[in-house]
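> Residue numbers (the working numbering): -12 to 409. Beta carbons are placed, not taken as given, at the ideal position from N, Cα and C, and that holds for glycine. This structure is in structure tokens; I'll ask about it shortly.
Here it is, written out as structure tokens:
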């Protein structure tokens, strides 16, 4: 792998992350000051940085509480920062959910609630409805994560098994004005899907969620299935009067970040194309599709002429097949991609999660090129077997090709960049 190509791809990732920097994104989105109190609430893997930026920009007294993933906290002056588990919720998340609900109790029409929402909030805000426990919600999350279903489907189900998601947190703040400022990590940038929409109601109904469970063959725990089938406690719909004073704005997204990376590539003299910022599907299958396109450019100089940078975003999924494997959707995408370009010179790729963590390890993703699969085999790792066991992290770790930038303070989903030179 040419070091300059790896450096270039790293720079593009940095540009994508910078485009979603909380301070610059929030600066033009501050709501009008109210007559009464200002309460800040929020959840997500980048919400502590959003809260710190809001404090720096806002003039006047504020209070509030937010929850982020363990290790992702940032210092705030008056907003309390709580930490909890991601991707499977824990007791700390249960406590955080209660604290957020308490923060919006007893507000009046003169008060303002500012909700800072970004990806990862679903796991950080467990609040099982009456009759269910945290263990039930944990089991549901594990089943959803292993199902391979799109994130929109997972979140549609989560909203129906919660006391805080699906707009319920905003409903609890009524009659206060609620302004939700959202950093989108979902394909299509529907704010109701980010963090399962604690302050943004969705038009997806309980019946829709049940149909999704059947369509995708999701094996839910029996107690969760019974709750859904009972039809009680469905998430409120957008036409509910409690949402009349709610406003929502997406302040950062994958599309804007990809645009920033493309602009930097062009400044470096490399034409850039963005396939889509909303790609979904099985990570290994999307890897094969991207590899086929890269091979076509190398072999026939189509559909794009080399040199070219091909980029995409969105959120792929991983259906768990193995036991004990480590990794995430970006490394799984790239392991599939690496095998499909094995021995084809001129291709260098980076796939990474813009929040800095891909799955449960400390890497955001990995690099791959024509030599990756061969070097894995030389290191004693069969890349095909590693893919089958969902152990992409182990495969890339064996050849020192993991990409570890650390937590970035934002989250606008997957970043995939493939540099092709003839």
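Whole angstroms is fine: what's the gap from residue 24's alpha carbon to residue 166's?
Numbered from 1 along the chain shown, position 37 holds the residue referred to as residue 24. Numbered from 1 along the chain shown, position 179 holds the residue referred to as residue 166. Roughly 13 Å separates the two Cα atoms.
> Examine the Cβ distances between the stretch 210 to 230 and the stretch 153 to 162 and report whether three or more of them are shorter than 8 Å.
In short, these stretches touch, since the Cβ pair count reaches three.
> Out of curiosity, what's the CA-to-CA distance linking residue -12 and residue 264?
Working through the chain shown from its first residue, we reach residue -12 at position 1. Working through the chain shown from its first residue, we reach residue 264 at position 277. In this prediction, residue -12 has a pLDDT of 42, which is less than 50 and means its spatial position is unreliable; what the coordinates show is noted afterwards. Computed Cα separation, rounded: 27 Å.
> For residue 398, which residues from the same chain have a beta carbon less than 7 Å from its beta carbon, with the 5 sequence-adjacent residues on both sides left out?
Along the chain shown, read from residue 1 onward, the residue named residue 398 stands at position 411. Taken in chain order, the residues that qualify are 31, 32, 33, 105, 106, 107, 170, 172, 341, 342.
> Provide the residue span of the alpha helix (DSSP H) that contains residue 216, from first to last.
As a working note, residue 216 is residue 229 in the chain shown. Start and end: 209 to 217.
> Tell me, please, which residues DSSP counts as bridged to residue 70.
If you number the chain shown from 1, residue 70 lands on position 83. Its beta-bridge partners are 55.
> Counting only runs that start and end within the stretch 319 to 376, where is the beta strand (DSSP E) found for 3 or more residues in a row?
Correct list: 334 to 340, 352 to 356.
> Report yes or no: do the stretch 74 to 81 and the stretch 39 to 48 share at least 3 C-beta pairs separated by less than 8 Å?
Touching, no.
> Reducing DSSP to helix, strand and coil, say where residue 222 ends up.
Residue mapping note: residue 222 aligns to position 235 of the chain shown, counting from 1. Residue 222: coil per DSSP, three-state reduction.
> On the CB-based measure, 16 or more other CB atoms within 10 Å of its CB, does residue 400 come out buried or exposed?
Within the chain shown, numbered from 1, the residue matching residue 400 stands at position 413. That one is buried.
> Among the candidates 230, 35, 336, 392, whose CA atom is the shortest distance from the CA of residue 296?
For the purposes of this step, residue 296 is taken as residue 309 along the chain shown, with counting starting at 1. That would be 336, whose Cα lies nearest to the Cα of residue 296.
> Quick one: what does DSSP say residue 392 is sitting in, helix, strand or coil?
Walking along the chain shown from the start, residue 392 turns up at place 405. Looking at residue 392 - three-state DSSP - the assignment turns out to be coil, as it is neither helix nor strand.
> Whose C-alpha, out of 141, 408, 85, is nearest the C-alpha of residue 285?
To locate residue 285, count along the chain shown from 1; it is residue 298. The shortest Cα separation from residue 285 among 141, 408, 85 belongs to 408.
> What does the Cβ neighbour count give for residue -10, buried or exposed, with the cut at 16 atoms within 10 Å?
Along the chain shown, one-based indexing puts residue -10 at 3. For residue -10, the predicted structure reports a pLDDT of 46, less than 50, and the residue's modelled location is therefore unreliable. A value from the coordinates is still provided. Under this definition residue -10 is an exposed residue.
> Please check the pair residue 227 and residue 188, which I expect to be a contact at CB under 8 Å, by giving their CB distance rounded to whole angstroms.
Here the question's residue 227 lines up with position 240 in the chain shown. Here the question's residue 188 lines up with position 201 in the chain shown. Their Cβ separation, rounded to whole angstroms, is 7 Å, which keeps residue 227 and residue 188 in contact under 8 Å.
> What's the gap between the Cα of residue 233 and the Cα of residue 280?
Within the chain shown, the letter at position 246 stands for residue 233. Within the chain shown, the letter at position 293 stands for residue 280. Computed Cα separation, rounded: 44 Å.
> Per DSSP, which residues does residue 236 bridge with? Please list them.
The residue given as residue 236 occupies position 249 in the chain shown. In the DSSP output, where bridge partners are listed per residue, residue 236 has 168.
> Under the three-state reduction of DSSP, which class applies to residue 5: helix, strand or coil?
For the purposes of this step, residue 5 is identified with residue 18 of the chain shown, where counting begins at 1. Three-state DSSP puts residue 5 in a helix.
> So residue 236 packs on residue 168, CB below 8 Å; how close in whole Å?
To locate residue 236, count along the chain shown from 1; it is residue 249. To locate residue 168, count along the chain shown from 1; it is residue 181. Confirmed, about 6 Å.
> With respect to the beta strand (DSSP E) encompassing residue 299, which residues constitute its N-terminal and C-terminal limits?
Position 312 of the chain shown, counted from the start, is the residue given in the question as residue 299. Segment 295 to 301, the beta strand (DSSP E) holding residue 299.
> Can you find at least 3 beta carbon pairs, one from the stretch 360 to 368 and one from the stretch 126 to 133, that sit closer than 8 Å?
Contact between the stretch 360 to 368 and the stretch 126 to 133 is absent, because fewer than three Cβ pairs lie under 8 Å.
> Can you give me the C-alpha to C-alpha distance between residue 354 and residue 390, rounded to a whole angstrom?
Here residue 354 refers to the residue found at position 367 of the chain shown. Here residue 390 refers to the residue found at position 403 of the chain shown. Distance between the alpha carbons of residue 354 and residue 390: 7 Å.
> Thinking C-beta only, is residue 85 closer than 8 Å to residue 243?
Here residue 243 refers to the residue found at position 256 of the chain shown. Here residue 85 refers to the residue found at position 98 of the chain shown. Going by C-beta atoms, residue 243 is not nearer than 8 Å to residue 85.
> Report buried or exposed for residue 57, applying the criterion of at least 16 other Cβ atoms within 10 angstroms of its Cβ.
For this step, residue 57 is matched to residue 70 along the chain shown. Exposed, because fewer than 16 other Cβ atoms sit within 10 Å of the Cβ of residue 57.
> For residue 309, collect the residues of the same chain with a Cβ closer than 7 Å to its Cβ; drop the 5 residues on either side in sequence, then sort them by chain order.
As a working mapping, residue 309 is identified with position 322 in the chain shown. Only 375, 376, 377, 378 meet the Cβ criterion.
> Between 115, 211, 175, which has its C-alpha nearest residue 241's C-alpha?
Taking the first residue of the chain shown as position 1, residue 241 is located at position 254. It is 175 whose Cα lies nearest to the Cα of residue 241.
> The beta strand (DSSP E) that contains residue 402, what's its start and end?
Numbered from its first residue, the chain shown carries residue 402 at position 415. Its beta strand (DSSP E) spans residues 401 to 407.
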